[in-house]
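Visitor: According to my numbering, the sequence shown holds residues 7 to 124 in order. Cβ atoms here follow ideal geometry from the backbone N, Cα and C, with glycine treated the same way.
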Amino acid sequence: VQLQASGGGLVQAGGSLRLSCAASGNIDSINDMAWYRQAPGKQRELVAAITSDGRINYDDSVKGRFTISRDGAKNTVYLQMNSLKPEDTAVYYCAAHMECGGRGIGTWGQGTQITVSS
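1) Ordered along the chain, which non-local residues of its own chain (more than five positions away) have a Cβ less than 6 Å from that of G115?
2) Assign S12 to one of three DSSP states: helix, strand, or coil.
3) Which same chain residues end up closer than 8 Å to D65 when comparing Cβ atoms and leaving out the 5 residues on each side of it in sequence?
4) Note down, one range per segment and in chain order, each beta strand (DSSP E) of at least 3 residues found wholly within the stretch 8-53.
5) Taking the beta strand (DSSP E) that G110 belongs to, which residues open and close that run?
6) How would you call L90, buried or exposed, if buried means at least 16 neighbouring beta carbons within 10 angstroms?
7) Am I right that T95 and A45 are in contact with their C-beta atoms under 8 Å? What's the rounded C-beta distance?
See the structure below:
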């Protein structure tokens, strides 16, 4: 079971990016999916999370600018990031809690770098 993230890159302040993260493997079901980020010298923090029934939670710093969504058929979670700011610069990680072979498994993606220039 693995998560594969894509969509990172360099963008100017005010710009937009969309991250994708696809889960693959022997998956029975996916419960929560989320995006975290870690800036240099800082702890990893939750950016946004979405449950299997669509409940969403955002960090205050991204409310109104970022949108998390998921496609159950594709086992994929997305993060649409608009009005990006230099302080959004970080490595972004997707995470998911899944049921695989009758066991609950928490998994992290490999991380993708987002750099926002001023």
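Guide: Walking through what the data contain:
1) For G115, where only same-chain residues beyond five positions count, the Cβ hits under 6 Å are L9, A11, C27, Y99, C100.
2) Per DSSP, reduced to three states, the secondary structure at S12 is strand.
3) Cβ within range, chain order: E51, L52, V53, A54.
4) Whole beta strand (DSSP E) segments, 3+ residues: 8-12, 15-18, 23-30, 35-44.
5) 109-114 is the extent of the beta strand (DSSP E) around G110.
6) Buried: at least 16 other Cβ atoms inside 10 Å.
7) With a beta-carbon spacing of about 6 Å, T95 and A45 fall inside the 8 Å limit used to define contacts.
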